[in-house]
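Let me begin by presenting the structure, written as C-alpha cells, before commenting on it.
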Amino acid sequence: MGVAKYIKNEKDEIQDVILQSGIHVKPLYTKKDLEEIGFDPEKDLAPPGEYPFTRGIHPLGYRSREWTTRQYTGFGTPMETNERFKLMISHGQTGLNVAFDLPTQMGLDSDDPLAEGEVGRVGMAVDSLRDFEVAFQGIPLDRIGAGLTINAVASIMLAMFQATAEKYGFKKDRVSATPQNDILKEMIGRGAWIFPVKPAVRLIGDTIEYSMKELPRTNPVSVCGYHIRESGCSPVQEIAYAFQIANTYIEEVLHRGHPIDDFVRGFTFNLNVFGNLWEQVAKFRAARKLWAINLKERYGAKDNRSLLLRGIFGGGGYGMTKAQPENNIMRGAYYALAAALGGAQTTALCSFDEAYTIPTPRAALLSLRSFQILMEEIGLRDTVDPLAGSYFIETLTKQMEEKIIEEMKRIDEMGGMIKAVETGYVQKEVARQAYEFEKGVQKGELIKVGVNKYTEGEEMEVELHEYHQESVGEQIHRLRETKRERDNRKVHQLLKDLEGASKTEKNVMPYLLECCKAYATVGEMTKVFKEVYGEFKEPSIF
Amino acid sequence: MEKKIRILVAKPGLDGHDRGAKVVAQALRDGGMEVIYTGLHQTIDQIINTAIQEDVDVIGLSIMSGAHLPICEKLAKEMKKKKIDDMMIVVGGVIPKRDIPKLKSIGIEGIFPGGTPFDESIQWIKKHIKRES
Chain C
32 MGVAKYIKNE KDEIQDVILQ SGIHVKPLYT KKDLEEIGFD PEKDLAPPGE
82 YPFTRGIHPL GYRSREWTTR QYTGFGTPME TNERFKLMIS HGQTGLNVAF
132 DLPTQMGLDS DDPLAEGEVG RVGMAVDSLR DFEVAFQGIP LDRIGAGLTI
182 NAVASIMLAM FQATAEKYGF KKDRVSATPQ NDILKEMIGR GAWIFPVKPA
232 VRLIGDTIEY SMKELPRTNP VSVCGYHIRE SGCSPVQEIA YAFQIANTYI
282 EEVLHRGHPI DDFVRGFTFN LNVFGNLWEQ VAKFRAARKL WAINLKERYG
332 AKDNRSLLLR GIFGGGGYGM TKAQPENNIM RGAYYALAAA LGGAQTTALC
382 SFDEAYTIPT PRAALLSLRS FQILMEEIGL RDTVDPLAGS YFIETLTKQM
432 EEKIIEEMKR IDEMGGMIKA VETGYVQKEV ARQAYEFEKG VQKGELIKVG
482 VNKYTEGEEM EVELHEYHQE SVGEQIHRLR ETKRERDNRK VHQLLKDLEG
532 ASKTEKNVMP YLLECCKAYA TVGEMTKVFK EVYGEFKEPS IF
Chain Z
-4 MEKKIRILVA KPGLDGHDRG AKVVAQALRD GGMEVIYTGL HQTIDQIINT
46 AIQEDVDVIG LSIMSGAHLP ICEKLAKEMK KKKIDDMMIV VGGVIPKRDI
96 PKLKSIGIEG IFPGGTPFDE SIQWIKKHIK RES
C-alpha cells in the first residue's frame, strides 16, 4: 500500500518520494552518497554473524536455517484450536502462535458477565489448565515452539504452559515458549492492559527472572514495535519505541541485581513488514545494528549472544485492505519478501481475509505457502543479506539509523518509556499520525490500490469464519466442571499464597505455577493481582 | 451560531484496537463537533452514564472484534429503559455487509464500516440530527 508520498509533475514523472520516516529518496544513488553519509564498510558492515550484525545474526543466514513460520492461530474452544494447530503443522508450519480470546487476554473467565459475546471470538478461550491440556494435546512441544499472544496475564499463561508441558512429559528446559508479554505497547496501541504501569512491568520482570533459571529455552518477552506501527507510528518510531520499551524491562531486571548477560538473550522482537519495501529492509538492518550497540554501550553486555536482535518480522495488517481482498494475497507475498530480505528469523502474515474475519483455513494456508514459495522456489535461501553493499540500501540503512537514535533520545529526555506512556506522549504522537495517514488516503495522496485507485471490478465475497455459539456453552460447562472437580480448599489456599507473594518483592511465578497445577482459573489469579495492584487508567490524550 | 453537535465516541467491550476510534474522534472534531472519547473497555452502563452526564446528541460506537450485534442490541435496549433513546447511535468498525440489515432492525441507522470517508459520516450525522429536531 502506498505509504510513501509521491510528488509528481503533470507528465506523471516522479519529482520526489518521501518515505513515512521522513526520508527523501533520490532518483539515483552512487558511491558519493555512501561517502557523504559516512558509510564505513569496516565499521558498518562486519560479516553476518559478527558485531554489529547489520548483515544478520547468523553467519550463513537462511543457508544454515530456514525461517520459522508461525501463523497466528486460535479460536473457539481449545479442541477447535488444537485441530487447527495440527492442520497447520501438517502443512509444514514450524512453530505456533496462539491467539487468545479477549476475555482471556483481559483475565476474565468465560462465565464472567463482561465476557459475554466475546468467548472464543478472536482467539481460543482459556480458563484453566484443562484448556491448555486440550489445546496442546499431541503437539511435540520439544520441537515446536509456542508463541503466546498474551500480555497483561502473560505470567499466568507462561506458568500454564510450563504446567502443561510437564504434564505431557516434556522437560521444562526442553520446551520453548514465547509469550508476547509486552505491556507497554498494549498501553500505547493494542489496549489489552489490566494493571497499572509499574506493577505490570514488575510482573514482566518476574517472568524474565524466572525463565532465566527455570525455562532456559523460553523467550519471556517479545517486544512489539509491531502494534505501535499498526496504531499509526512511523517505521523509525516503531524501532525507537520498541527499543526504549525493551530498555525499561531490562532495567527492571538489572535493578534486581542480575547481570545483563544472564537474561537479555531471552528478549525477542515483533516487528512489522508493511510499508515501502526498501524502508522496511533498511529498518531491519539498522535495527539489528542499533540493538547490538544499545546492549554493548548502554548496558555493557559482553556475551555476543546478548547482542542479537532475534524476532518475528511479519504481519502487515495495516497494509491489508477491505476493498478487493484478493489483492491482499499479493501484498502478503511482497511483505514476506521484505521480511526475508530483512533477514527475519521467524515470520507470519496477516491473511488476506483478516479485514473481514479471523482467517479461514484456506487463507491461513495461502500465507504459509507464500513463505514456502519464497524459500523453496524464488531463491531467498541462496545467500545471506543479498542487498548489502547497494548504494541505496546502505545509505538508507544509515539514514534510518540516525533517525532511530534521534527518536530514542527524545524518549530519554522525557525520562524514559514509563513516563512517556504515563503522560500519554507516545499515544498522542501515534494517534496524530494515524489521523494524518487516513487523511492522506482519503485525499488520494497516499495510494491504496483498490481503495483510492484502480477501484473498478467486482467485489469478491469473502467466506466468513463462523462464530459458534454452542462452543461458548461447552466452554462454560467445562469451566464449571473443573471448578467442581478440583480440590477447592487447596485452590483457595494457593490463591492466598499468591496474594501474599504479590504484596512482597517475591517472584510470583512459582506461586502461579502451583495455582495453575491445582486448576485455579485465569479469572481467579487475575482477581488476586487486581486487588493488590489496582487497574491502569488511560491518560486523556484529547 | 448553530449549536455544535456533541458526540460520545465509545469503545465498548474488551477490544483494545482504538486506532479507528481515535482517528474518527479527530476527524469529527475537525468536522465541527464536540467530541468526548470514553477510553477503552467500557461497559454499556458506563457508556450510558457518560452519555447522560455529558448530555450528548450522538453515541458513536467503534467495534472491531465482531461482537457488534450483541453490543448494539444491549445498548439500544438499555437506552430505551433509561428513556434516552432520542439519542442517536452510530457504529463503525469491522462490520460485514450481511449484518447491516440486522443492525438497522435494532434501530442503528448510521453504520460506517472501516474506510468510510470522514466527510460521508460527518455529513450523514449532521443531516439526520437535523431531521429529528
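Just so you know, the sequences run in chain order C and Z.
Under this note's numbering, the first residue of the first sequence is numbered 32, with each subsequent residue one higher.
Under this note's numbering, the first residue of the second sequence is numbered -4, with each subsequent residue one higher.
A virtual CB, placed ideally from N, CA and C, is assigned to each residue, including glycine.
The count of Cβ pairs closer than 8 Å, one atom from the stretch 513 to 533 of chain C and one from the stretch 70 to 89 of chain Z, stays below three, leaving the stretches out of contact. Contact with chain Z is found for Phe573(C), since one of that chain's Cβ atoms lies less than 8 Å from the residue's Cβ.
Cβ-Cβ distances below 7 Å link Asp64(C) to Tyr422 and Thr426 in the same chain, with the five nearest sequence neighbours on each side left out; the list follows chain order. Per the coordinates, the alpha-carbon of Gln118(Z) lies some 22 Å from the alpha-carbon of Ile101(Z).
Ser141(C) does not reach chain Z, its nearest Cβ partner there being about 12 Å away, counting only Cβ pairs nearer than 7 Å. Of all residues in the stretch 464 to 477 of chain C, the ones placed with a Cβ closer than 7 Å to any Cβ belonging to chain Z are Ala465, Tyr466, Glu469 and Gln473, in chain order. Using a CB distance cut-off of 8 Å, Leu9(Z) counts as an interface residue toward chain C.
When DSSP states are grouped into helix, strand and coil, Tyr387(C) belongs to the coil group. Between Gln458(C) and Ile219(C), the C-beta gap is smaller than 8 Å, which places the two residues in contact. Taking the Cα positions, Asp443(C) is about 14 Å away from Glu453(C).
Counting only residues of its own chain and dropping the five nearest sequence neighbours on each side, Ile49(C) has a CB closer than 7 Å to the CB of Ala35, Lys36 and His55.
Non-local beta-carbon contacts of Met431(C) in its own chain, meaning distances under 7 Å to residues more than five positions away in sequence, involve Ser52, Val267, Ala313, Lys314 and Ala317 in chain order.
Boundaries cannot be given for Gln37(Z), as no beta strand (DSSP E) includes it and DSSP labels it neither H nor E. By the rule that beta-carbons nearer than 8 Å mark a contact, Phe107(Z) does not touch chain C.
Within the same chain, Lys353, Pro356, Val493 and Leu495 come within 8 Å of Tyr387(C) by CB-CB distance, once the 5 residues on both sides are set aside. Proximity of chain C to Pro112(Z) at the Cβ level (cut-off 8 Å) is accounted for by Gln473, in chain order. When DSSP assignments are scanned along the stretch 453 to 490 of chain C, the uninterrupted stretches of alpha helix (DSSP H) that are 4 or more residues long and fall wholly within it turn out to be 456 to 474.
Interface residue (Cβ-Cβ distance to chain C less than 8 Å): Gly87(Z) is not classified as such. When DSSP assignments are scanned along the stretch 235 to 281 of chain C, the uninterrupted stretches of beta strand (DSSP E) that are 3 or more residues long and fall wholly within it turn out to be 252 to 255.
In chain order, Gly11 make up the part of chain Z whose C-beta sits under 7 Å from the C-beta of Ala223(C). Within 10 angstroms of the beta-carbon of Ile343(C) lie 16 or more other beta-carbons, which makes it buried. Distance between Ala223(C) and Pro58(C), taken at the CA atoms: about 43 Å. The Cβ atoms of Phe402(C) and Ala367(C) sit closer than 8 Å to each other. In this structure, Asp75(C) sits away from Ile507(C), with a CB-CB distance that is not shorter than 8 Å.
Counting along the chain, Met439(C) sits inside the alpha helix (DSSP H) bounded by residues Tyr422 to Met445. One alpha carbon belongs to Ile88(C), the other to Glu437(C), and they sit about 24 Å apart. Of all residues in the stretch 140 to 165 of chain C, only Leu145, Ala146, Glu147, Gly148, Glu149, Arg152 and Val153 come within less than 8 Å of chain Z when Cβ atoms are compared, listed by chain position. In this model, Glu385(C) and Gly531(C) are separated by some 43 Å (Cα to Cα). The Cβ-Cβ distance between Asp173(C) and Val129(C) does not fall below 8 Å. Against chain C, the beta carbon of Pro91(Z) has neighbours under 7 Å at Tyr387 and Leu495, listed in chain order. For the 8 Å CB-CB criterion, Arg509(C) and Tyr550(C) do not form a contact. No Cβ-Cβ contact shorter than 8 Å links Gly350(C) with Phe383(C).
With a threshold of 8 Å between beta carbons, Val18(Z) makes contact with chain C.
Rounded to whole angstroms, the separation of the alpha carbons of Ser502(C) and Arg94(C) is 44 Å.
Ile84(Z) does not reach chain C, its nearest Cβ partner there being about 17 Å away, counting only Cβ pairs nearer than 7 Å. Residues of the same chain with a CB within less than 7 Å of the CB of Lys484(C), apart from the 5 flanking positions on each side, are Ile478 in chain order.
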